[in-house]
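In our numbering, the protein residues as written are 505 to 1049.
In structure tokens, the structure reads:
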């Protein structure tokens, strides 16, 4: 009870680091070549467990635009040899952004010895979890070695230090974390904690520096699902900050590690405890902090989303209709929250407990369609199915995550795909926040011609839509019955002269449109492309002097 009072009054009271040995581990690294279906396994033993990191093909580069090419710490001269090298490297295209690696600013520390024909440089990516860094290293070696005067090429790979986009606006404890990913369901019992923990250890297996924050004070899951040697959070006696515990190289913070078990307290007090646990922890440099969100969309969730600069959210659901209804509330919650001048995009949907195989057949005991309904209605482009597996449930109880216990299994493959998706989408989001491109300019309302202008990301196509047509094509439960498909919003319900009050981006896949009646419509880009377009554009309304 003393610890609980200390947390609520901001007077932390944990065992000091001198009293408990806090052992760390190093995450295993990976090596992958994406041009073939090759599997590269890096084995590292931790407490008798062999951790194999499996990586697969068809992965895209994950890196954002960085600084221009650097030669050491000074500006490069423009010699013919340097131009040759940069021209050769500009043949390597980032498949996600369609830009060469020189323009992206990945090439650093270029050094050339023309007499010996030796070239050395560094490719700096924004995350050590880049899925195809080995392909870029190989291609860079090959294209530079083809220059007739080059006899030796030395390429080194690196990653930028962890740094958030809005670092100066954040609490001290969060200023060295690159990306914060919320795993949310808004409903209990769908496997959200299982997804969060296995996602975190998948990212660590890809080479990233990862932390997990268990935000459920009423029923913390982390102490059951992992088995750190030190099961108590420590306090730095000088800084009065929390030192997280670790398991297999992943940093862990949970109210369950505070020695208090489960909390019995009111919402405002819980919000304060969560805020303090999260922002006063010495996370150090992290590439990804995975937050296991508590179920619901109440005060605790809103506080978390408003205090923490969430980069992206992963939504977890199950096939039942009831799960879908609650998940839809969560997606809309994220679409309405603005953190550090940007909105929180949901980048993936995980449908848990989808099916099981028996007697050569596949069975769907809970029905089908919840995950696809979320994808269709909200335009979230990535859907991942998790089967019913006794081992997945057992691993949560044993304290060893499934992706660690069985890294080559079917479940681990699904989490590998999810991990790659999260890395890619976070990189795109950070690029949009850091540089000149912003998806917020992709869909705008021109009040003079009274039309919605659409420019779909990754496309040069632009077109106009009538606002009333867009409103009538809403797919949400307020307009269309999600299961029968019956149209609930009638044509006459939408006035012909309706105008949107606000249009905001939702990542790279949709926009949120607020209408005069207060309704917030989520319009996926793929849906906007199918809506009837304006052909006869009205003349602009003259502005009164």
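Every residue gets a Cβ at the ideal spot worked out from N, C-alpha and C, and that includes glycine.
### Message
For the stretch 696-706 against the stretch 947-959, do three or more pairs of beta-carbon atoms, one drawn from each stretch, fall closer than 8 Å, so that the two count as touching?
### Response
no
### Query
Taking DSSP as the reference, what is the three-state secondary structure of residue 584?
helix
### Task
Enumerate in chain order the residues of its own chain whose CB-to-CB distance from residue 683 is below 6 Å, with the five nearest sequence positions on each side excluded.
792, 815 and 930
#### Entry: Residues that DSSP places opposite residue 617 in a beta bridge
622
### Task
Kindly indicate the opening and closing residues of the beta strand (DSSP E) around residue 957.
Per DSSP, the unbroken beta strand (DSSP E) holding residue 957 starts and ends at 955-959.
### Query
What is the DSSP secondary structure of residue 612, counted as helix, strand or coil?
strand
#### Entry: Whole-angstrom distance between residue 734 and residue 907, CA atom to CA atom
22 Å
### Query
Can you give the beta carbon distance from residue 968 to residue 957, rounded, assuming they're within the 8 Å contact cut?
6 Å
#### Entry: Spatial distance of residue 710 from residue 975 (CA atoms)
43 Å
### residue 739 versus residue 775 - alpha carbon distance
20 Å
#### Entry: Whether residue 822 touches residue 797 by CB criterion (7 Å)
no
### Query
What residues in its chain sit with their C-beta under 7 Å from that of residue 910, if we drop five residues either side in the sequence?
Counting only Cβ-Cβ distances below 7 Å, and skipping sequence neighbours, we find 895 and 916.
### Task
Could you check how far apart the C-beta atoms of residue 658 and residue 624 are, in whole angstroms? I think they sit under 8 Å.
4 Å
### Query
In three-state DSSP terms, what is residue 725?
coil
### N- and C-terminal bounds of the alpha helix (DSSP H) containing residue 701
696-709
### Query
What are the boundary residues of the alpha helix (DSSP H) that includes residue 720?
Premise fails: residue 720 is in no alpha helix (DSSP H) and is neither H nor E.
#### Entry: Where the alpha helix (DSSP H) through residue 902 begins and ends
894-902
### Span of the beta strand (DSSP E) around residue 867
865-867
### Message
Using a 10 Å radius around the Cβ and a threshold of 16 neighbouring Cβ atoms, would you call residue 805 buried or exposed?
### Response
Label assigned to residue 805: buried.
### Task
Helix, strand or coil for residue 528, going by three-state DSSP, please let me know.
Caution is warranted here: a pLDDT of 39 is assigned to residue 528, below 50, making its placement in the model unreliable, and the coordinate value is therefore given only provisionally. Coil, per DSSP.
### Query
Three or more beta-carbon pairs under 8 Å between the stretch 830-839 and the stretch 684-701, yes or no?
As far as the Cβ criterion goes, the stretch 830-839 touches the stretch 684-701, which means the pair count is three or higher.
### Query
Is residue 715 helix, strand or coil when you go by DSSP?
Strand.
### Cα-Cα separation between residue 574 and residue 619, rounded to whole angstroms
Low confidence applies here, because residue 574 scores a pLDDT of 47, under 50, leaving its location unreliable; read the following figure in that light. So the two alpha carbons sit approximately 21 Å from each other.
### Query
Can you tell me the Cα-Cα spacing of residue 607 and residue 886, whole angstroms?
In a straight line, the C-alpha of residue 607 is about 28 Å away from that of residue 886.
### Task
Check whether the Cβ atoms of residue 812 and residue 777 sit closer than 7 Å, and answer yes or no.
no
### Query
Can the beta-carbon of residue 903 be found less than 7 Å from the beta-carbon of residue 731?
yes
### Query
Between 642, 694, 830 and 808, which lies nearest to residue 675 when the distance is taken from Cα to Cα?
808
### Message
Helix, strand or coil, according to DSSP, for residue 589 in the structure here?
### Response
helix
### Task
Using the Cα positions of residue 784 and residue 662, report the straight-line distance between them to the nearest angstrom.
29 Å
#### Entry: residue 713, buried or exposed, once every other Cβ within 10 Å from all chains shown has been counted against 16
buried
### Query
Who pairs with residue 860 in a beta bridge, going by DSSP?
867
### Task
Given a cut-off of 7 Å, decide if residue 724 and residue 758 are closer than it, judged by their beta-carbon atoms.
Yes, Cβ-Cβ distance for residue 758 and residue 724 is below 7 Å.
### Query
Would you call residue 1039 buried or exposed, if buried means 16 or more other Cβ atoms sit within 10 Å of its Cβ?
With fewer than 16 neighbouring CB atoms inside 10 Å of its own CB, residue 1039 falls in the exposed class.
### Message
Quick check: what's the CA-CA separation for residue 699 versus residue 993?
### Response
36 Å
#### Entry: For residue 677 and residue 1028, the rounded distance between their alpha carbons
35 Å
### Message
For residue 852 and residue 817, I'd like the C-alpha separation in whole angstroms.
### Response
Their Cα atoms are separated by approximately 7 Å.
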